[in-house]
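These notes concern the structure reproduced below.
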Amino acid sequence: MYKAIANEIIYTGSPFSAVAAKLLINLLWFINAASIGEALAIGVKSGIDLPTLRKVIINSCGNSWVAEHDISSIYNGHYDPSFTMKLCCKDLGLIQELSEGLNVPIEMGALAEQIFKRARDIYGEDSPELSIVKHIEEVTSIKLTLDTNA
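Be aware that the sequence shown starts at -1, since it is given in the numbering used here, and climbs by one per residue.
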């Protein structure tokens, strides 16, 4: 059954460690998504066109599954509705609880939680996870979507 939803099943140990692994993956995803939005905005302000900017990121050490998937979503203007801000904020809260319980401070995780909560408060809990990028577009007056009518 699990093979239908995963490329590889990796045994991490206890159920606790499996939940921790899932939360850590989401922590990396959310931080990566937020930093991609910022990088795109800085790149555009620096005069790099969007297709070239994606190529630079994808063909560098800045590449990731998130970059390969989410940059296309951003460029298409749909902000990846497959995961809601409500779920992002829930998981970021659980990550904070986990890190505090293990006495491991996570500054980037805490900042990501603030960024996602702000976007949730602005766009609503059912808004897509890349609403954080939409917020960057709005506060910087930068358009990060490709004009398909050009």
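Glycine included, each C-beta is placed from N, C-alpha and C at the ideal position.
Per DSSP, K132 is one residue of the alpha helix (DSSP H) stretching across S129 to T138. Put simply, the backbone Cα of P13 is about 40 Å away from that of L142.
The beta carbon of I69 lies closer than 6 Å to those of R52 in the same chain, with the five residues before and after it left out. With respect to the 9 Å criterion, T138 and A65 are not classified as neighbours on the basis of their beta carbons. I113 sits buried, since 16 or more C-beta atoms from the chains shown fall within 10 Å of its C-beta.
For P126, the beta-bridge partners assigned by DSSP are T82. For L128 against I55, the beta-carbon gap comes to about 15 Å, at or over 8 Å, which does not count as contact. Here G107 carries a helix assignment [DSSP, helix/strand/coil]. Assigned with DSSP and collapsed to three states, Y121 falls in helix. Counting along the chain, the unbroken alpha helix (DSSP H) around I23 starts and ends at P13 to K43. Note that the C-beta distance between N24 and C87 is not below 9 Å.
Counting every other CB atom within 10 Å of its CB across the protein chains shown gives E6 a total below 16, marking it as exposed. In the structure shown, L144 adopts coil according to DSSP, grouped into three states.
Inclusion of K132 and A117 in the CB contact set at 9 Å is warranted, their separation being smaller than that value.
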